[in-house]
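A quick write-up on the structure given underneath.
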Amino acid sequence: MSPLLLLLGMLAAAAVLFSGCATPEARAVRRGDIEDLEKFLAKGGDVNEPQRDGRTLLHVAAEYGQSESLEFLLANGAEPDPRDPGGITPFYLTMAIGRVDMGRSLLEAGADLRTETSELRTPLFPAAAGGHAEAVEFLLDFGLDPDHRDAQGRNPLHMLGKNSLTGIAGTLIAEGADVTARSSSGSELPVHTAASAGAYELVELYVRASSPEILSAEDSHGDRPLHRAMNSSINSRSSLNTMDSILSLGADPAVPDGEDRLPVRIAVEELDSRHLQLLLGYGASLPRYVRDGRPGKSAQRTGLLHIAARRGTDDTGRILLERGTDPDLIDDDGDTALMISVREEKWDFFQLLIQYNANPNIFDMEGKSPLLVALNRSSLQSEGLNSMTQTLIQRGGVLPNNYSLLIPVLENAVANENIEVARLLFNRGISGSAAGEDGEPLIFTAVRNADADMLELLLIAGADPNARNEEGLTPIMLLGDNTKLGEIRDILLRAGAIDPDEENSGTAGSEESEDPTKKSEDPTKN
């Protein structure tokens, strides 16, 4: 987080905490209700007694800009320079909101403007961060050091993160603030914090006040101002403008950041096509491979097109392809950008790669083709082939010869009653007698689904109507006495299924024909 946001966030958090547990007298101070404050004093109230958060009523008056409350409290014995648990004084708070008039009142009452917080910050820090030019001038006139360093080695310039604060920055620099001051915590220059905030006018000011060499300065993470400007958390236009300013001032567009990522890689991975185009316009080149930044993949290589494919940023992909990036480059995972676009279902990016004649028949390390991956997606829907599958077929996409990779797709198709996918697989040579992952022939699934069309297709493709599952049942046995499944029964019988009812009656008749024979033998014995 930037020093500016951290500082303002601490002040805001303190205000929220206080507002949630404010005493009646504190609420009176916030309202500027002098009558209620007089009643508080009449009952023996102590204006210097700390509130629940450790602040006094004078802190409350200063923070909320209630000058009448502040004057009343001072007139009734309030200590002018109390410190809260963070070392913040009422005078510090008046400078944070730019109330010079209230600050003067406190100084006249004996407050010390040089009192530092527990972070060793003087009132010049919040005055500058808040953009209060009058307060800054006021403090400088009283001799506060414009280059004072806080506990983290930052000077007031480190607190600035808006273009609107360029005037204040100029004033501080003119009075002696060092633009090359490095913080002790992150080894940051003011130009780093300005770049992170997208404050390009501040960046330009700092370069003019020193030299373009500060654009080569690295922070403790190894990042230069250009890398800090390529921060996806700030407004995209601010990031773009700041990058443009930094590059126009001579920054190298090809220096990697502290994580060994080239600026073009950051643009492709985190930003958009405009950032990439800007870098290329300033002379950045496109490497064939970059280090894969995904978890567990840091030692592997990938391509910029692969990264763009995962994000589905087709505008960026188009720039890469127009600049000569190989659409068929294989990364260390064995994937092409086309395979990634199919696997991640990035339709627009897929179309872009097809437009640039990406090869549809480069298999991955598991032996899967793009068509197989797309077909598996189709098998999960109830009907038809998805657009990727149709396009790959039109482009000559093939399926692997390894049937063990095709069977799971067929199993999905049968389960989801997708006749088109099943037909395509049967046309590629898969037998209808195939079994699913649990070992049960797929004909059982079609019967359970009462899917007559799929059942007929399976039988045509070679399914055994008398196959048995682990329970010893045949497909027709699943029907039981359900007369509503007559069509399924008829299909099975026409295919040669043995009806268990007829089989049982035939067995009974055979036993009865044997009895007369036995009886005819009895007289002979007599």
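Going by our numbering, the sequence shown opens with residue 632, and the numbers climb by one from there. Quick reminder that beta carbons are idealized off the backbone N, C-alpha and C, glycines included. Small disclaimer: the values here were computed from a predicted structure and weren't measured.
Out of Pro713, Ile938 and Leu688, the CA that lies nearest to the CA of phenylalanine 703 is found in Leu688.
Judged by DSSP secondary structure, glutamate 953 falls within the alpha helix (DSSP H) whose first and last residues are 945–953.
Checking the DSSP bridge columns, you'll see threonine 933 partnered with Val921. In this structure, DSSP gives alanine 653 a state outside helix and strand, which the three-state scheme calls coil. Contact between aspartate 923 and threonine 933 holds, with the beta-carbon distance rounding to 4 Å and staying under 8 Å. Secondary structure in the region 992–1050: the alpha helix (DSSP H) runs of 4 residues or longer, each lying completely within the stretch, are 1001–1010, 1018–1025 and 1034–1046 in chain order. Shown here, alanine 1066 sits in a strand according to DSSP, grouped into three states. In this structure, leucine 737 places its C-beta atom within 8 Å of the C-beta atom of threonine 725. In the DSSP assignment, asparagine 786 falls outside any alpha helix (DSSP H) and carries neither an H nor an E. Taking C-beta separations shorter than 8 Å and ignoring five residues to either side along the sequence, the partners of asparagine 1047 in its chain run Ser1010, Leu1011, Gln1012 and Ser1013, following chain order. The DSSP-derived three-state label of proline 1072 is strand. Under the Cβ criterion (8 Å, minimum of three pairs), the region 690–708 counts as touching the region 663–676. Separation of the CB atoms of leucine 984 and leucine 1002 is rounded to 14 Å, and the pair is thereby denied contact status at 8 Å. Assignment of glutamine 682 by DSSP, reduced to helix, strand and coil, places it in the coil class. By the neighbour-count definition (other C-beta atoms within 10 Å, threshold 16), lysine 999 is a buried residue. Here alanine 1128 really is in contact with proline 1106; their C-beta atoms are around 7 Å apart, less than 8 Å. For leucine 1116, the secondary structure class from DSSP, reduced to helix, strand or coil, is helix.
Within the same chain, Cβ atoms closer than 6 Å to the Cβ of aspartate 809 are found at Asp778, the five residues on either side in sequence being excluded.
Taking the Cβ atoms as the reference, glycine 1028 lies roughly 6 Å from asparagine 992, within the contact range of under 8 Å.
Pairing leucine 935 with valine 973 gives a Cβ-Cβ distance that is not under 8 Å.
Secondary structure at asparagine 990: coil, using DSSP grouped into helix, strand and coil. With respect to the 8 Å criterion, isoleucine 897 and alanine 840 are not classified as neighbours on the basis of their beta carbons. The distance from the Cβ of arginine 1059 to that of leucine 1030 is about 5 Å, consistent with a contact at the 8 Å cut-off.
Per DSSP, the continuous alpha helix (DSSP H) segment holding tyrosine 831 begins and ends at 831–840.
In the three-state reduction of the DSSP assignment, isoleucine 728 falls in the coil class.
Leucine 705 is positioned such that its CB atom lies closer than 8 Å to that of alanine 740. Note that the C-beta distance between aspartate 964 and methionine 996 is below 8 Å.
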